[in-house]
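Notes follow the structure.
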Amino acid sequence: MDIDDILREVDPTIHSVPLEKRDLQDLTRAWVAERSAPELLEWPSNGLFERINDSIKGQIERVEEMTGDMDPKTNFALIVIQTELERYKFLVRSYLRARLAKIDRHTLHYLSTDALRARLSEMELAYATRHQALLHNHYLSSFLSSFPPGLQNLNDTAGNVTMVDYPDLDSAVFIRLLRSAMVNGHGVDDDGTVEFEENNILILRWSDAKPLVESRKAELV
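Just so it is clear: in the sequence shown, position 5 is -5 by my numbering, and no numbers are missing.
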């Protein structure tokens, strides 16, 4: 069962919605999830952003064609199209900025393993690699070059103490259950497992919520 099946159970009208509107809904969900999660989430691999970019380009072309038409009806339609275009652009920009902020904050972490690198898009991976190279060169020219060679690495793990900064996986997040599920929670004083119903809104540590989100039993809100 994938996310479309789950969403169809929650909202049976989901597949009666035009593809373009569904893409906007998917983009909005991805934006909310990325801004809510303390770590970088998987880059959408279903061609969502390719379709969104094509839609934005198409809308821009329509705006250019309609600009200059003095017909009041056309001008009103132009305002509607421009408003919708700005909504798309805002969501895309905000989504990408949220991801870039996480990459900037924990660059070495996301470049440390193949599994973490797979979360990045091709352009994000190129950006992170170049960003880290520039940062390392800057540190070398500023002060690292005066250190012994063995102390010049930024990802040193000597003495079982790592220099790599990691996201805080115990940050609190809100999730909405897409179907009934048993939820494991870890508290300060005690741990527990409780069954919750579909559409319940919960606040959990991200480390507890992540399995539910990845198994499509819940979504970030």
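Glycine included, each C-beta is placed from N, C-alpha and C at the ideal position.
Simplified DSSP state of residue 89, which is helix, strand or coil: The count along the sequence shown starts at 1 and reaches residue 89 at position 99. The DSSP-derived three-state label of residue 89 is helix.
Whole-number beta carbon distance between residue 89 and residue 30, since they are thought to touch under 8 Å: Position 40 of the sequence shown holds residue 30. Position 99 of the sequence shown holds residue 89. Contact flag correct, Cβ pair sits at about 6 Å.
Stretch-stretch touch, CB-based, cutoff 8 Å, three pairs: the segment 120 to 140 with the segment 70 to 79: Touching, no, given that fewer than three Cβ pairs across the two stretches are closer than 8 Å.
Residue 99 beta carbon less than 8 Å from that of residue 155: Position 165 of the sequence shown, counting from 1, holds the residue named residue 155. Position 109 of the sequence shown, counting from 1, holds the residue named residue 99. Judged by their CB atoms, residue 155 and residue 99 are nearer to each other than the 8 Å cut-off.
Nearest-angstrom beta carbon gap, residue 196 and residue 163 [assumed within contact, 8 Å]: In the sequence shown, residue 163 corresponds to position 173, counting from 1. In the sequence shown, residue 196 corresponds to position 206, counting from 1. Right, their Cβ atoms sit about 5 Å apart.
Boundaries of the alpha helix (DSSP H) in which residue 56 is found, first to last residue: Position 66 of the sequence shown, counted from the first residue, corresponds to residue 56. Looking at the DSSP string, the run of the alpha helix (DSSP H) that includes residue 56 is 38 to 56.
Residue environment, residue 42, which counts as buried when at least 16 other CB atoms sit within 10 Å: Position 52 of the sequence shown, counting from 1, holds the residue named residue 42. Residue 42 should be labelled buried.
Close beta carbons around residue 28, own chain, < 7 Å, minus the five adjacent residues each side: Locating residue 28 in the sequence shown gives position 38, counting from the first residue. Short of 7 Å from the beta carbon of residue 28, and not among the five residues preceding or following it, lie these beta carbons of its own chain, in chain order: 157, 158, 159, 161 and 196.
Close beta carbons around residue 93, own chain, < 8 Å, minus the five adjacent residues each side: Here the question's residue 93 lines up with position 103 in the sequence shown. Take residue 93, set aside five residues on each side of it, and the residues of its chain with a beta-carbon closer than 8 Å to its own are 30, 100, 110, 114, 117, 118 and 121, in chain order.
Expected contact under 8 Å - CB spacing of residue 200 and residue 167 to nearest Å: As a first step, residue 200 must be located in the sequence shown, where it is residue number 210. As a first step, residue 167 must be located in the sequence shown, where it is residue number 177. Rounded, the Cβ-Cβ distance is 14 Å, inconsistent with contact.
Element boundaries [alpha helix (DSSP H), containing residue 97]: As a working mapping, residue 97 is identified with position 107 in the sequence shown. Start and end: 97 to 100.
Residue 114: first and last residue of the uninterrupted alpha helix (DSSP H) it sits in: Taking the sequence shown and counting its residues from 1, one reaches residue 114 at position 124. Element bounds for residue 114: 112 to 132.
Run of the beta strand (DSSP E) containing residue 181, from where it starts to where it stops: Here residue 181 refers to the residue found at position 191 of the sequence shown. Boundaries of the beta strand (DSSP E) around residue 181: 181 to 186.
Inter-residue spacing [alpha-carbon to alpha-carbon] between residue 139 and residue 126: Here the question's residue 139 lines up with position 149 in the sequence shown. Here the question's residue 126 lines up with position 136 in the sequence shown. Each residue's alpha carbon lies about 14 Å from the other.
Alpha carbon of residue 189 to alpha carbon of residue 209, nearest angstrom: For the purposes of this step, residue 189 is taken as the residue at position 199 of the sequence shown. For the purposes of this step, residue 209 is taken as the residue at position 219 of the sequence shown. Taking the Cα positions, residue 189 is about 10 Å away from residue 209.
Rounded separation between residue -4 and residue 123 - CA only: Working through the sequence shown from its first residue, we reach residue -4 at position 6. Working through the sequence shown from its first residue, we reach residue 123 at position 133. In this predicted model, residue -4 has a pLDDT of only 48, less than 50, meaning its place in the structure is not dependable; the value taken from the coordinates is given anyway. Answer to the nearest angstrom: the Cα atoms are 42 Å apart.
Rounded separation between residue 105 and residue 32 - CA only: For the purposes of this step, residue 105 is taken as the residue at position 115 of the sequence shown. For the purposes of this step, residue 32 is taken as the residue at position 42 of the sequence shown. Using only the alpha carbons, I get a separation of about 10 Å.
Rounded separation between residue 205 and residue 80 - CA only: For this step, residue 205 is matched to residue 215 along the sequence shown. For this step, residue 80 is matched to residue 90 along the sequence shown. The alpha-carbon separation between residue 205 and residue 80 amounts to approximately 29 Å.
Identity of the residue in 17, 25, 22 and 171 nearest residue 185 by Cα: If you number the sequence shown from 1, residue 185 lands on position 195. Checked all of 17, 25, 22 and 171; the closest Cα to residue 185 is 171.
Residue 40 versus 52, 14, 53 and 25, residue with shortest Cα-Cα distance: Here the question's residue 40 lines up with position 50 in the sequence shown. In this structure, 14 is the residue among 52, 14, 53 and 25 with its C-alpha nearest to the C-alpha of residue 40.
Identity of the residues DSSP links to residue 166 by a beta bridge: Residue 166 sits at position 176 when you count from the first residue of the sequence shown. According to DSSP, residue 166 bridges with 191 and 209.
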